[in-house]
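K.L.:
From first to last, the protein sequence lines stand for chains A and B. Read in our numbering, the first sequence has 25 at position 16, and its numbers run on one by one without any break. Read in our numbering, the second sequence has 94 at position 85, and its numbers run on one by one without any break. Take a look at this one; I'll ask things after.
Number of protein chains: 2
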Amino acid sequence: MRVSEIGRMKCPVARTLSIVGDPWTLLILRELFLRSRRFEEFQGYTGMAPYLLASRLKQLTKDGILEKRAYQERPPRYEYRLTDKGLDLYPVVLSMSQWGNRWMSDASGPPLTLTHKHCDSHSAPHLVCPECGEAVGARDMRAEIMPVMQADRARMWKKFKRQTARDR
Amino acid sequence: MRVSEIGRMKCPVARTLSIVGDPWTLLILRELFLRSRRFEEFQGYTGMAPYLLASRLKQLTKDGILEKRAYQERPPRYEYRLTDKGLDLYPVVLSMSQWGNRWMSDASGPPLTLTHKHCDSHSAPHLVCPECGEAVGARDMRAEIMPVMQADRARMWKKFKRQTARDR
DNA sequence: TTACTAACTTCAATATTTGAAGTTAGCACG
DNA sequence: CGTGCTAACTTCAAATATTGAAGTTAGTAA
């Protein structure tokens, strides 16, 4: 299977990865959540090659994550903004930020702080169960693979087994 | 900047990306959260090439996300399990799953369901502010870049500007 | 007319991924 | 004792993607 085919799996994680499964794309998203909007800002703050940046911005726009619009006509200049679909990726980027803070920080103090606008407190949002309100982690949840995804997995497994059998 | 240097930025998102900023790595994590443990399972259910799988597992082990252990001696067979550091990546994978459910699903019904073990209800955990308990999204939070990260960004920006100036 | 800017595009060199095939260390069957 | 089978990789050559450097476009400003 090629990277470009990951999105064809009947799995919500895989489908999300087909859009944001790339470090440069996620750095662009980080910048957007830090309120960068211009090509130059993305390039300067991520350090990525302009060819790659252009191709990623094009793809994200096609995927409906970003909207490109001119912020002036002459000379033509553009900005990129998150759509609602893009804004909704916030939990992904935030989770990465919090994991990085917890597990990858050095002695130089917190690089980012977050304030909840509504209650005006510094906070690190966490996941809770909407039913009981308790904080949840990996050990607290049980995932069940439904028939539609199970069938897809069974198909992949069979293909894999057929392949290894043919090798002999 | 090269992909392999992303982790040197003083940014928690970038540092996390240096470990999980790759679609195959995240698919391996998905499998681990779905309780896969063996090389063969990862290969069969992700469809990735064995060379890539082996190199990713090696790196994840080195990064302290996984532990490799023999589950039998003769013939030698191994399994891979999440460490605490790895388990703590759950919010990243869960956020991706939920975004995929919301924005990338087709008509064939939900591929995965989650049950909160403690209250036994089907639930889609969401982010809340720990201070006031309110659900939070991108628009509700204000990020502030602290001096240590700000300095790093300023350095990158200057380097970028120096580079484009030299081009002329 | 020359310098400068933002937003790209092009090109050649390098690095990574892919698919197919091969290897290793055993067990199981006839 | 030989053949087949398994899980967990490794190797190789071809295809694909990324990188760094340089170039382009459509303007404004001095």
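Here a beta-carbon is modelled for each residue, glycine too, at the ideal position from N, C-alpha and C.
Is the CB-CB distance between residue 21 (chain B) and residue 113 (chain A) below 8 Å?
P.N.:
yes
K.L.:
On the DSSP bridge assignment, give the partners of residue 34 (chain A) in chain order.
P.N.:
DSSP output for residue 34 (chain A) lists no bridge partner at all.
K.L.:
Contact criterion: CB-CB distance below 8 Å. Does residue 66 (chain A) meet it with respect to chain B?
P.N.:
no
K.L.:
Against chain A, which members of the segment 96-115 of chain B pass a CB distance test of less than 9 Å?
P.N.:
96, 97, 98, 99, 100, 101, 102, 103, 104, 105, 106, 107, 108, 109, 110, 111, 112, 113, 114, 115
K.L.:
Looking at chain B, is there any beta carbon in it that lies within less than 8 Å of the beta carbon of residue 15 (chain A)?
P.N.:
yes
K.L.:
For a contact defined as C-beta to C-beta under 9 Å, what are the partners of residue 148 (chain A) on chain B?
P.N.:
96, 99, 126
K.L.:
Measuring only the C-alpha atoms, how far is residue 38 (chain A) from residue 11 (chain A)?
P.N.:
24 Å
K.L.:
Which same chain residues end up closer than 7 Å to residue 46 (chain A) when comparing Cβ atoms and leaving out the 5 residues on each side of it in sequence?
P.N.:
88, 89, 90
K.L.:
Which residues in the same chain have their Cβ closer than 7 Å to the Cβ of residue 146 (chain A), if we skip the five residues on either side of it in sequence?
P.N.:
none
K.L.:
Can you tell me whether DSSP reads residue 7 (chain B) as helix, strand or coil?
P.N.:
Beyond the ends of chain B as shown, which are 10 and 177, falls residue 7 (chain B); an answer cannot be given.
K.L.:
Between the segment 46-60 of chain B and chain A, which residues of the former have a C-beta closer than 9 Å to a C-beta of the latter?
P.N.:
49, 50, 52, 53, 54, 55, 56, 57, 58
K.L.:
Residue 71 (chain B) touches chain A at which residues, Cβ-Cβ below 8 Å?
P.N.:
The contacting residues do not exist; residue 71 (chain B) stays about 14 Å from chain A at best.
K.L.:
Would you kindly report the start and end of the unbroken beta strand (DSSP E) that includes residue 124 (chain A)?
P.N.:
121-125
K.L.:
Note down, in chain order, all residues in the segment 77-94 of chain A with a beta-carbon under 7 Å from any beta-carbon belonging to chain B.
P.N.:
Cβ contacts with chain B come from 94.
K.L.:
Whose CA, out of B:141, B:14, B:119, B:78, lies closest to the CA of residue 18 (chain A)?
P.N.:
The residue with the shortest Cα to Cα distance from residue 18 (chain A) is B:119.
K.L.:
When DSSP labels each residue in this structure, what does residue 145 (chain A) get in the three-state scheme?
P.N.:
coil
K.L.:
Put residue 152 (chain A) into one of helix, strand or coil per three-state DSSP.
P.N.:
Strand at residue 152 (chain A).
K.L.:
Whose CA, out of B:140, B:36, B:58, B:142, lies closest to the CA of residue 173 (chain A)?
P.N.:
Nearest in C-alpha terms to residue 173 (chain A), of all of B:140, B:36, B:58, B:142, is B:58.
K.L.:
Taking residue 143 (chain B) as the reference, which of A:143, A:116, A:153, A:127 has the closest Cα?
P.N.:
Of the candidates A:143, A:116, A:153, A:127, the one whose C-alpha sits nearest the C-alpha of residue 143 (chain B) is A:127.
K.L.:
With DSSP as the reference, identify every bridge partner of residue 22 (chain B), one or two as the case may be.
P.N.:
In the DSSP assignment, no residue is bridged to residue 22 (chain B).
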